[in-house]
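K.L.:
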Amino acid sequence: MPPDVTCEALQEELRARDKTIGTLIAAAESSQRSRGTALALLYENAALEQAVKRRTRELELEREQLQKALSDLKAAQAQLLQGQKLTAIGQLAAGIAHEINTPMQFIGDNVSFLRTAFQDLLDVAAAGSSALEAGGSTAETLAFLRTEVPQALEQTGEGIQRVTSIVAAMKDFSHPSGGKKQPSDVHACLDSTVTVARNVWKYVADVVHDYDRECPHIDLLRDEFNQVILNLVVNAADAISEATQGGTQGKGTITLRTRKLPEAVEVQVQDNGPGIPEDIRSRVFEPFFTTKAVGKGTGQGLAIAYSVIVERHGGEIGFDSELGRGTTFWMRLPLKQDAA
Numbered sequence: 005m006p007p008d009v010t011c012e013a014l015q016e017e018l019r020a021r022d023k024t025i026g027t028l029i030a031a032a033e034s035s036q037r038s039r040g041t042a043l044a045l046l047y048e049n050a051a052l053e054q055a056v057k058r059r060t061r062e063l064e065l066e067r068e069q070l071q072k073a074l075s076d077l078k079a080a081q082a083q084l085l086q087g088q089k090l091t092a093i094g095q096l097a098a099g100i101a102h103e104i105n106t107p108m109q110f111i112g113d114n115v116s117f118l119r120t121a122f123q124d125l126l127d128v129a130a131a132g133s134s135a136l137e138a139g140g141s142t143a144e145t146l147a148f149l150r151t152e153v154p155q156a157l158e159q160t161g162e163g164i165q166r167v168t169s170i171v172a173a174m175k176d177f178s179h180p181s182g183g184k185k186q187p188s189d190v191h192a193c194l195d196s197t198v199t200v201a202r203n204v205w206k207y208v209a210d211v212v213h214d215y216d217r218e219c220p221h222i223d224l225l226r227d228e229f230n231q232v233i234l235n236l237v238v239n240a241a242d243a244i245s246e247a248t249q250g251g252t253q254g255k256g257t258i259t260l261r262t263r264k265l266p267e268a269v270e271v272q273v274q275d276n277g278p279g280i281p282e283d284i285r286s287r288v289f290e291p292f293f294t295t296k297a298v299g300k301g302t303g304q305g306l307a308i309a310y311s312v313i314v315e316r317h318g319g320e321i322g323f324d325s326e327l328g329r330g331t332t333f334w335m336r337l338p339l340k341q342d343a344a
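Numbering of the sequence shown is given in the working numbering, commencing with residue 5 and proceeding in unit increments.
#1: Could you tell me which of Gly182, Val198 and Gln186 sits nearest to Leu234, measuring between CA atoms?
#2: Which same chain residues, not among the five before or five after Ala201, have their C-beta less than 7 angstroms away from its C-beta?
#3: Under a Cβ-count criterion, where at least 16 other Cβ atoms within 10 Å of its own Cβ denotes burial, should Ser311 be classed as buried or exposed?
#4: Straight-line CA distance for Leu337 to Gly318?
#5: Contact between the segment 214-224 and the segment 238-258: three or more CB pairs below 8 angstroms?
#6: Is the CB-CB distance between Thr257 and Asp242 below 9 angstroms?
#7: To the nearest angstrom, how far is the alpha carbon of Ala209 from that of Ile244?
#8: Whole-angstrom Cβ separation of Leu118 and Ala156, contact assumed at under 8 angstroms?
#9: Between which residues of its own chain and Glu326 is the CB-CB distance below 8 angstroms, once the five residues before and five after are set aside?
#10: For the ligand NAD, any of its heavy atoms closer than 8 angstroms to the Cβ of Glu152?
#11: Compare the Cα-Cα distances from Thr259 to each of Arg166, Leu194 and Phe292 and report the closest residue.
#12: Can you give me the start and stop residues for the alpha helix (DSSP H) that Ser181 sits inside?
#13: Span of the alpha helix (DSSP H) holding Ala201?
#14: Check for me: the alpha helix (DSSP H) holding Ser245 runs from which residue to which?
#15: Answer with buried or exposed for Leu46, where buried requires no fewer than 16 other C-beta atoms within 10 angstroms of its C-beta.
#16: Taking all protein chains shown into account, do 16 or more other C-beta atoms lie within 10 angstroms of the C-beta of Thr331, making it buried, or fewer, making it exposed?
#17: Determine the burial state of Asp127: buried for a count of at least 16 other Cβ atoms within 10 Å of its Cβ, exposed for fewer.
#18: In the DSSP assignment, what are the bridge partners of Gln272?
#19: Count Cβ pairs between the segment 220-228 and the segment 278-292 that sit closer than 8 angstroms; are there 3 or more?
#20: Do you know how far the Cα of Ala73 is from the Cα of Leu63?
#21: In terms of alpha-carbon separation, which member of Thr295, Arg58, Asp189 and Phe148 lies closest to Asp283?
#22: Is the beta carbon of Ala247 less than 9 angstroms from the beta carbon of Glu320?
#23: Under 8 angstroms Cβ to Cβ from Arg329, same chain only, skipping five residues before and after it: list those, please.
#24: Using C-beta distances below 6 angstroms, list every residue in its chain close to Thr60, excluding the 5 sequence neighbours before and after it, in chain order.
#25: Helix, strand or coil, according to DSSP, for Lys208 in the structure here?
#26: Quick one, which of Leu265, Glu103 and Glu48 has its alpha-carbon nearest Leu339's?
#27: Could you pull the DSSP bridge partners for Gly322 from this structure?
#28: Helix, strand or coil, according to DSSP, for Asp214 in the structure here?
Below, the structure written as C-alpha cells:
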C-alpha cells in the first residue's frame, strides 16, 4: 500500500466501487425486469387477441341469431296482419250482407211493381182514349202510375248505386298491395273503409268528414293502411256505444279529419266517447292488451296500427284523450318515404 494513501481515501474508493457495483446490479435487474415485462406483455397481447377473436365470433353468432329473430318477427307480423284482416272481413261480412240486402230488397219490390205497372199501362193503351175521356178506374190507374212509376225508378237507381258503392268499397278495402307502396288518396281510403264498416257504426254514431283537400297523394301500403283505419273506426264505435249504451241514449260522432303538414299528412279518427283512463294510456299499443269483453277484441288492433304506421310507413301514431269528452287517434305519414 503506498504510504500516502489514507484510510479515508480507501474507504472513499470502496464506496465508489460499491456505488458502481450497485449501479451495475440495478441496471442488470432493470434489464431483467424489462425483458420479463416485454415477455409478459407479449403473452398478454396474445391472450387478448384470442379473447377478441372469441368475443368477435360470439358477437357474430349473436348477430345472426338476432337477424333470424328479426326475420321471424317480421314474418309473424305479416301473418298476424293478414290473419286480422281476414278476421275483420269475416266480422264485417254479416254487416255488409245486411247493407247489400236492404237495397236489394226494395229493388226487388220495385221491379215487381214496375212489372205490374207496365201491364197496367198496356191495359190502358188497349182501352183507348175514349175510356180515358170517360174517366173511371182507367183514368185513376193512369194518374197513379204517373206518380208511382218515377218514384220506383228513382228508388231502384238509388239502390243499385248503393250496392255498387258497397261492392267497390269492399274491393278497394281488401285489394292486396303485394307489399309495394303506391301513390294513394288518403280520402279514398277513409271513404271506402268507413263504407264497409257502416253496419258497425250506423246505429251508435254519425260520421263527419273534415278533409283538407290540399293533401297530396302519398305512398301507402293501401290494404294495411285501410286495416289501421278500420281498427280505429271500430274502436271509436265501441267507445261511443259504451257511452251511449248502444245508442239508446242518442248517437255520438266519429270525425275523420285530414291535415296537410309541412312534411307529412296527418289523419285523425276522433270520437266523443268516454275517453281512455289515464292508468292504461301507456299500454294501449301493447300487443294483446284490451279492455274489451272476452270475444269482443283480441288486443291486436292498436299494436298492428303502430307496426303499420311506424315500421312499415316510417310515420308516427299517437292519441289525445280526455275523460268524458273522447279520444282522437292521429297518424302522421311522411310525404316522402323509403320504398317498402
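For glycine and all other residues, C-beta sits at the position ideal for the given N, C-alpha and C.
P.N.:
To lay it out plainly:
#1: Nearest option by C-alpha distance: Val198.
#2: Closer than 7 angstroms at the Cβ level, and outside the excluded window around Ala201, lie Leu96, Leu234, Val237 and Val238.
#3: Around the beta carbon of Ser311, 16 or more other beta carbons lie within 10 angstroms, which makes this residue buried.
#4: Each residue's Cα considered, the two are about 7 angstroms apart.
#5: Remark: fewer than three beta-carbon pairs, one from each stretch, lie closer than 8 angstroms, so the segment 214-224 and the segment 238-258 are not flagged as touching.
#6: The answer is no: Cβ separation not under 9 angstroms.
#7: Distance between the alpha carbons of Ala209 and Ile244 is about 7 angstroms.
#8: That pair is a contact at about 6 angstroms.
#9: If we look at Glu326 and ignore the five residues flanking it on each side, its Cβ neighbours are Gly279.
#10: No copy of the ligand NAD appears in this structure; indeed no ligand is present at all.
#11: Comparing Cα positions, the closest option is Leu194.
#12: In the DSSP annotation of this structure, Ser181 is not part of any alpha helix (DSSP H), being labelled neither H nor E.
#13: Counting along the chain, Ala201 falls outside any alpha helix (DSSP H), and DSSP gives it neither H nor E.
#14: Following the DSSP letters along the chain, one finds Ser245 inside the alpha helix (DSSP H) bounded by residues Arg226 to Thr248.
#15: With fewer than 16 other Cβ atoms within 10 Å, it is exposed.
#16: It is buried - the Cβ of Thr331 has at least 16 other Cβ atoms within 10 Å.
#17: Answer is exposed; the Cβ neighbour count stays below 16.
#18: Answer by DSSP bridge pairing, in chain order: Arg261 and Trp334.
#19: Output reads no: the segment 278-292 does not touch the segment 220-228.
#20: Taking the straight line joining both Cα atoms gives about 15 angstroms.
#21: Of all alpha-carbon atoms in Thr295, Arg58, Asp189 and Phe148, the one lying nearest the alpha-carbon of Asp283 is that of Thr295.
#22: No, these two residues do not count as a Cβ contact at 9 angstroms.
#23: In chain order, Asn276 and Gly279 place their CB closer than 8 angstroms to the CB of Arg329, counting only its own chain and leaving out the 5 sequence neighbours on each side.
#24: Within the same chain, Thr60 has no close Cβ partners at all.
#25: In the sequence as presented, Lys is not what sits at residue 208; that position holds Val. DSSP places Val208 in coil when its eight states are reduced to three.
#26: The candidate whose alpha carbon is nearest that of Leu339 is Leu265.
#27: Partner(s): Trp334.
#28: Asp214 falls in the strand class under three-state DSSP.
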